[in-house]
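The next block holds one structure in the form of structure tokens; read it before the comments.
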Amino acid sequence: MLWRGSAFGTNGGFVVVIVTRSLSALACLLLLPLAVLAQDGQNVQDKEKEKEKEGESKGLRFVWNRRPSLRAGDMLRVDFRVKLQEDGLSFSPKSEAPEESFVFARRRIGIQGNFLKVFEYRVERELTRESPWRDVFLNFRYFRDVQLQAGRFKVPFSLDQLTGEMDNDFIHRSRIGDLLAPGRDVGVMAHGRVLGRGLSYQGGVFRHDGDNSRFGHNPGAGRTVAGRVVVTPLRLVTKDSPLADLEAGLAMTGGDVPEGLNALRGVSIWDTRFSSDVYVKGRRLRTGVEENWEPGPFSVKSEYVRVSDERREQGLLNDDLPKLLSRGWYVSATWIVTGEKKAGGIEPSRPLFRHGAGAIEIAGRYDRIRFGSNAPGEEPETNPRAVNLAENGEGIWTAGVNWYVNHWVKIQVNSMREAFEDIDRSPRPGRARFWTHIVRFQFVL
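Quick note on our numbering: the sequence shown kicks off at 18 and runs consecutively.
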């Protein structure tokens with residue numbers, strides 16, 4: 018850790034401490050990119066020569082193209098990756114605050130690339146003892162329309178969850194992305210894009226239903242089948258319109274959950290439980306719909322997710338109970354005020370120290386999540402075998418600013434307001450609303 022200490026105050030105090038204690042972090046983040054810029058500039062000048070050598074050179078050689086890489090003609094490519102994120106935190110009230118005000122959110126290293134022209138791979142590891150392995154997979158892409166991927170990677174469900182951690186518009190994912198979407202698991206998947214790249218599909222079988230479903234002694238669902246389809250419905254009608262890039266998607270997963278207190282959980286941003294334990298047994302079915310539109314410097318995204326868990330033979334008389342329902346949604350929007358295009362990732366047209374100040378983006382999101390059952394006429398209870406489970410949920414407003422300093426460095430500032438429906442089951446019983454302020458420093462090589 019770079020700094021240690023208890024959570025500091027909010028409002029003016031938060032701003033002062035963040036600014037003063039973050040200068041050294043910002044300097045550290047900028048030093049390596051500044052050193053790299055000169056070499057990167059030389060790479061730009063020699064770009065055409067490198068392309069010519071790519072086909073001619075068969076020996077192993079080192080290349081720097083914004084990141085270190087080993088190449089052997091067009092038969093092997095090994096890119097070395099480093100991903101770092103550090104957060105400065107402030108809370109109101111302080112009951113949810115971690116022991117440290119500045120924490121490493123991610124420290125990740127890895128390699129990725131291709132070999133024999135038709136195989137792609139990625140290996141990423143978090144520098145932690147708990148669940149260190151992230152993506153570890155091999156992709157076979159001889160046929161571009163039908164590719165096959167195997168290993169450990171994200172189950173194809175939820176636009177928010179499938180967006181890379183380093184590419185998020187916000188510091189924290191939506192609640193449905195973190196709690197209802199599966200996350201990573203071991204499996205095999207077919208995927209591709211067809212119809213003039215107007216339809217993309219993913220479908221596979223996985224050992225479980227993702228890391229997000231397994232916590233504590235909860236094993237999650239067993240073997241899970243997952244599928245996702247994304248279309249650009251207006252592309253064939255109006256290719257020149259901004260609406261041509263509007264994407265709509267549908268996704269589903271299905272698996273069986275063993276008997277026990279194995280339901281999905283509702284937790285706050287900082288892992289404080291607000292949903293009750295529930296006995297479940299039987300089929301777990303996820304359904305999700307999504308929308309993604311990125312015209313020019315703008316973006317509008319939304320999702321709705323519903324998860325149903327059967328409760329077979331979980332009544333007091335060994336009878337079947339109404340399904341546990343976990344559902345939620347979000348709507349978000351962003352605007353790059355410096356004018357860069359959003360689609361495909363933001364690349365500052367005028368990076369800091371290269372005749373500019375980088376790219377600036379403002380972002381806003383509202384998301385909701387709720388847990389309960391649908392049993393009208395029955396008294397709501399928090400008993401894990403209740404016929405009508407007492408519902409609880411939360412809604413979160415998030416406002417943020419993203420500063421893309423250059424190709425390697427991004428700084429994000431978010432303010433989040435959580436509001437819980439049941440104040441008796443909130444992180445601090447009797448209080449419904451909580452504020453969190455976060456600044457994140459990110460470096461990606």
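We treat Cβ as the ideally placed atom computed from N, Cα and C, and that holds for glycine. Bear in mind the structure is a predicted one, so any value in this text is a computation, not a measurement.
Asked                                                                                                                           : Found
DSSP three-state assignment for Q166, whether helix, strand or coil                                                             : strand
Cut-off 7 Å between Cβ atoms - residues of its own chain near R442, not counting five sequence neighbours on either side        : F291, N409
Option nearest F187 by Cα separation, candidates A207, V246, R457                                                               : R457
When A374, Y383, V404, I193 are compared against H424, the one with the closest alpha-carbon                                    : A374
Contacts around A436, its chain only, beta-carbon distance under 7 Å, and the 5 residues preceding and following it disregarded : E411, G412, A449, R450
S148 burial status per 10 Å Cβ neighbour count (16 or more: buried)                                                             : exposed
Buried versus exposed, by CB contacts within 10 Å (16 or more), N431                                                            : buried
Outcome for G417 when other beta-carbon atoms lying within 10 angstroms are tallied against a minimum of 16                     : buried
Cα-Cα separation between W420 and T270, rounded to whole angstroms                                                              : 36 Å
Whole-angstrom distance between E395 and R139, CA atom to CA atom                                                               : 51 Å
Of the listed residues P397, A380, A407, P393, nearest to Q429 (C-alpha basis)                                                  : A380
With 16 other Cβ atoms within 10 Å as the buried cut-off, status of P173                                                        : buried
Buried or exposed by the 16-neighbour rule on C-beta atoms within 10 Å, applied to T145                                         : exposed
Beta-carbon proximity check, V426 vs M183, cutoff 9 Å                                                                           : no
Inter-stretch contact (C-beta, 8 Å, three-pair minimum) for the stretch 358-366 and the stretch 309-316                         : yes
Sub-9 Å separation of S191 and R382 beta-carbons                                                                                : yes
Counted within 10 angstroms of its Cβ, other Cβ atoms place F108 as buried (16 or more) or exposed                              : buried
Residue interval of the alpha helix (DSSP H) (run including Q178)                                                               : 176-179
Close-in-space but distant-in-sequence residues of the same chain around G209 (CB under 6 Å, 5 per side omitted)                : D162, V163, Q164
Where M92 falls, given that 16 or more other Cβ within 10 Å makes a residue buried                                              : exposed
Whole-number beta carbon distance between D226 and N299, since they are thought to touch under 8 Å                              : What sits at residue 299 in the sequence shown is Gly, not Asn. Actually they are not in contact, since the Cβ atoms of G299 and D226 sit about 14 Å apart, beyond 8 Å.
Run of the beta strand (DSSP E) containing L212, from where it starts to where it stops                                         : First-last for L212: undefined, no H or E at that position.
Chain-order list of residues whose beta-carbon lies under 7 Å from that of L10 (same chain, five-residue window excluded)       : With the chain running from 18 to 462 in the structure shown, residue 10 is simply not present.
For R201 and N131, the rounded distance between their alpha carbons                                                             : 22 Å
Whether S230 touches P199 by CB criterion (9 Å)                                                                                 : yes
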